[in-house]
Every structure is written in C-alpha cells, then in structure tokens.
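In the numbering used here, the protein residues as written are 1300 to 1528. Note that CB positions come from ideal geometry on N, CA and C, so glycine has one too. Owing to the predicted nature of the structure, the values given are computational and were not obtained by experimental measurement. Presented below is the structure to which this report refers.
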C-alpha cells in the first residue's frame, strides 16, 4: 500500500512510502488488571477531529472517538499483557510486550511505529519514541484512546466478579478507597503482586480473595465511595 505524500490529520508521513502507526498504552500504574496497548494507523483521507491524549478527555468523548477510530482507521489492534506477565517480567517489560503484540497484530503492516514515551519495544518495523506523543501525534492520540477505553471496559467487567474493590470506578488505580478495600478484603487474583501495596495486603491476609468471597462482600460502604484518579 502506498500513501503518496499522505497527510495524517495535519502531519505528513515521514516519506512518501511510510505507513505510520501510533502506539500507546493504558494501565501501567494500577494495582490490578492487565496493561493494555493499542496500535492505530489512521486513514489520511478520513481525518478525525478532536483526537488528544485520552487522559484529558471525558469518558463520553473518549467513547465517541473510540467509535470513530474503529470506523475510520486503516487498521487498529489492541493487545494486553496479563497480571502474571507483569509480575514475572516487571511492568515496563510487560508494557513493551503488549505494545509489540499490538503492532504485530495490525492487519496492515506499518513501515514506522511512533511510540508514546521515551523508549520503544523491539519491533519488526522502524520505531520512534515520542515523549508526550499522545498529545502531539494524532495516531498516538488515537491509540491512547483505544487502549484507555478498552481497559476501562475490561475493569468494569471485572467489577462484576469482584465488586468489593470498585474496579468500575477507579480502574484498579491505587486510590485511598482501593487501598482501604485491599486492607479490608485482601487482594484478588487480578491484583499485581509485584506492586508494593498488593504485597503488603498479601502479607496481611496471606491469600488472595476468591471470586466468591469478593462478590459476597459487595454490600460495603466503600463501594459507593470510590473516586476516579
């Protein structure tokens, strides 16, 4: 595929033959759940207005842009690294793994991957790290939105099995309310043992809370007190 001198939402591709994908992640900091990465190749002929760093957008705006990105992009892929992989590899390497999976999973092979941040995963294509890229490069902005929306939805589903933790509100981040729930109920299998607050909760409780136990404790005052980060 050739995108001759294509203009991607105001930015020219680096060469007439470049097919650029933007790559970003969501979920490096939370105490629970996977880290999710997305790769997006925007269609220069179908620009999307309003793309920005997912963190500065409202949930409603992210959801609307998610649908537009899925509809209009040339290709997109979302991938993840599990809690087990995070604990085995460390969060940085697990993030790199998720990013690699997202790029490799694209239905259109890019010639250049622009990665949000200051380092790149090992990829079969050229790559470039862009600090603050989720606010500067439209395809990275799109990837940040896809990753964020996908992960938030995953944590909402997880909340159905473990309602005591409030995953549907804080998405696994270490809010005071989440930390209080960890101390009270202990961690579940979806908490990251390699993160200090979770290790402390394991030391306090000894074992992870089971799905049944966590669900049975849903009627807890904390459930209505979670605040997003």
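Quick one: what does DSSP say residue 1321 is sitting in, helix, strand or coil?
Mapped onto the chain shown, residue 1321 falls at position 22. In this structure, residue 1321 counts as strand in the three-state DSSP scheme.
Which value, in whole angstroms, describes the spacing of the CA atoms of residue 1493 and residue 1344?
Here residue 1493 refers to the residue found at position 194 when the chain shown is read from its first residue. Here residue 1344 refers to the residue found at position 45 when the chain shown is read from its first residue. Distance between the alpha carbons of residue 1493 and residue 1344: 44 Å.
Here's the rule I'm using: 16 or more other beta-carbon atoms within 10 Å means buried, otherwise exposed. How should residue 1354 be labelled?
Position 55 of the chain shown, counted from the start, is the residue given in the question as residue 1354. Exposed, since its Cβ has fewer than 16 Cβ neighbours within 10 Å.
Stretch-stretch touch, CB-based, cutoff 8 Å, three pairs: the segment 1324-1341 with the segment 1382-1401
yes
Contact between the segment 1317-1330 and the segment 1443-1462 (3+ Cβ pairs under 8 Å)
Judged by Cβ distances under 8 Å, the segment 1317-1330 makes contact with the segment 1443-1462, as three or more pairs qualify.
Do residue 1330 and residue 1484 have their C-beta atoms within less than 8 Å of each other?
In the chain shown, residue 1330 corresponds to position 31, counting from 1. In the chain shown, residue 1484 corresponds to position 185, counting from 1. Cβ distance not < 8 Å, so residue 1330 and residue 1484 don't count as in contact.
May I ask you to list the residues that DSSP assigns as paired with residue 1411?
Your numbering for residue 1411 matches position 112 in the chain shown. Beta-bridge annotation (DSSP): residue 1411 is paired with 1319, 1425.
For residue 1331, write down the residues that DSSP places opposite it in a beta bridge.
Walking along the chain shown from the start, residue 1331 turns up at place 32. The partner list for residue 1331 (beta bridge, DSSP) reads 1490.
Taking its Cβ as the centre, do 16 or more other Cβ atoms sit within 10 Å of residue 1325, making it buried, or is it exposed?
Taking the first residue of the chain shown as position 1, residue 1325 is located at position 26. Buried, because 16 or more other Cβ atoms sit within 10 Å of the Cβ of residue 1325.
Just curious, the alpha helix (DSSP H) that residue 1402 is in, first and last residue?
Taking the chain shown and counting its residues from 1, one reaches residue 1402 at position 103. Start and end: 1390-1403.
Leaving out the 5 sequence neighbours to the left and right, which residues in its chain are closer than 8 Å to residue 1455 when beta-carbon positions are compared?
To locate residue 1455, count along the chain shown from 1; it is residue 156. Result list for residue 1455: 1466, 1467, in chain order.
Runs of 3 residues minimum, wholly inside the segment 1350-1391: which ones carry the beta strand (DSSP E) assignment?
1374-1380
For residue 1359, does the count of other Cβ atoms within 10 angstroms reach 16, so buried, or fall short, so exposed?
Sequence index remark: in the chain shown, residue 1359 carries index 60 (1-based). Classification of residue 1359: exposed, given that the 10 Å Cβ count is below 16.
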